[in-house]
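Heads up: the sequence lines are chains Y and F, in that order.
Going by this note's numbering, the first sequence opens with residue -19, and the numbers climb by one from there.
Going by this note's numbering, the second sequence opens with residue -19, and the numbers climb by one from there.
No residue lacks a Cβ here, since even glycine has one placed at the ideal position from N, Cα and C.
Input: a single structure, listed below in structure tokens.
2 protein chains.
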Amino acid sequence: MDTVFHALAHGTRREIVGRLAERAMTVGELAAPMAMSLAGASKHIKVLERAGLVRQTVDGRRHVCHLDAAPLASASAWLQFYERHWPRRLDALEALLGGEQTPREEKRSR
Amino acid sequence: MDTVFHALAHGTRREIVGRLAERAMTVGELAAPMAMSLAGASKHIKVLERAGLVRQTVDGRRHVCHLDAAPLASASAWLQFYERHWPRRLDALEALLGGEQTPREEKRSR
DNA sequence: GCTATCCTCAACCATATGGTTGAGGATTCT
DNA sequence: AGAATCCTCAACCATATGGTTGAGGATAGC
Chain Y
-19 MDTVFHALAH GTRREIVGRL AERAMTVGEL AAPMAMSLAG ASKHIKVLER AGLVRQTVDG
41 RRHVCHLDAA PLASASAWLQ FYERHWPRRL DALEALLGGE QTPREEKRSR
Chain F
-19 MDTVFHALAH GTRREIVGRL AERAMTVGEL AAPMAMSLAG ASKHIKVLER AGLVRQTVDG
41 RRHVCHLDAA PLASASAWLQ FYERHWPRRL DALEALLGGE QTPREEKRSR
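Structure follows, in structure tokens:
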């Protein structure tokens, strides 16, 4: 999980995940549109691999990358836990404002 | 969003978010259990602030930090989009294995 | 067999990051 | 007023990170 957030911290890596979600791609295909050398892209892919997000199978001389989205689950769970906190803030704010100017007003406005 | 993933890449910062989810805390309170100088903690908090996850209000000489979980929403949404991809993989795998060795066998083994 | 293609690896470089210390601003306490 | 407390800022340092190039391994194509 530690490594998942770390891997996703870089926009380039999130882009790779996005592209791989569509279909498996070779390293070259991934690197092509990425204003970066092949070796540079390869490094990013390796970071994703270490995070368990990408598996790479060798097909002849081509290295095919596929997404393994499963490790995203733990990060997602972590975030979702705190989602509980942000609506509460809104609720608290609403309660605060509602208290000042009749809560019924609010219900009626729906 | 870019900055949210970046801010959460560091375990120390995720810990801070966790603690602040319980209650607002001063910089000193946050730093206390954190094997790190006050200035060091302050830096981490500043990163979280830049990501919009923490707001800091000055109360006399004490700087109180409160969590603002709202920016987590975008990161959470990003992850949840890809959650669609990982169950499909499991389904595909199950179908693959199931086809090879009778799905009923698998159910019975539960 | 020779050459081109796809990719990784190692070395290298510049910059970012995570930490420290020391100085000092602003409050609070006595 | 003077001292202690809480915190930020700036300078500094070591290491991590993100990129490059060049060399070379393995495969594919001629």
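Beta-carbon neighbours of residue i, restricted to chain Y and to distances below 7 Å
i: His(-14)/F; result: Ala(-11)
Chain Y within 7 Å of residue i, Cβ atoms only
i: Ala11/F; result: no
i: Ala15/F; result: no
i: Asp(-18)/F; result: yes
i: Arg57/F; result: In the sequence under discussion, the amino acid at residue 57/F is Ala, which differs from the Arg named in the question. It does not: the Cβ of Ala57/F has no partner Cβ on chain Y nearer than 7 Å.
Beta-carbon gap between residue i and residue j smaller than 7 Å
i: Val21/F; j: Ala11/F; result: It should be pointed out that residue 21/F corresponds to Ala in this sequence rather than to Val. Their beta carbons are under 7 Å apart, which means Ala21/F touches Ala11/F by this criterion.
i: Leu94/Y; j: Tyr62/F; result: Not covered by the structure: residue 94/Y. The range shown for chain Y is -19 to 90.
i: His65/Y; j: Ala49/F; result: yes
i: Ala(-11)/F; j: Ala(-11)/Y; result: yes
Sequence-distant residues of the same chain with beta carbon closer than 6 Å to residue i, five excluded per side
i: Thr(-8)/Y; result: His24
Neighbour list for residue i in chain Y, Cβ cutoff strictly below 8 Å
i: Val(-3)/F; result: Tyr62
Under 8 Å from the C-beta of residue i: neighbouring residues of chain F
i: Ala31/Y; result: By Cβ distance, chain F contributes nothing, its closest Cβ being about 11 Å from Ala31/Y, past 8 Å.
Sequence-distant residues of the same chain with beta carbon closer than 7 Å to residue i, five excluded per side
i: His43/F; result: Thr6, Val7, Gln36
i: Ala(-13)/Y; result: Arg(-7), Val27, Leu28, Ala31, Leu33
i: Phe(-15)/F; result: Ala55
i: Ile(-4)/Y; result: Leu10, His24, Ile25, Leu28
Contacts that residue i makes with chain F (C-beta to C-beta distance below 7 Å)
i: Ala1/Y; result: Tyr62, His65
Beta carbon proximity, residue i to chain F, threshold 7 Å
i: Ala49/Y; result: yes
Contact set for residue i: own chain, Cβ-Cβ below 8 Å, skip 5 residues either direction
i: Leu18/F; result: Val7, Gly8, Ala11
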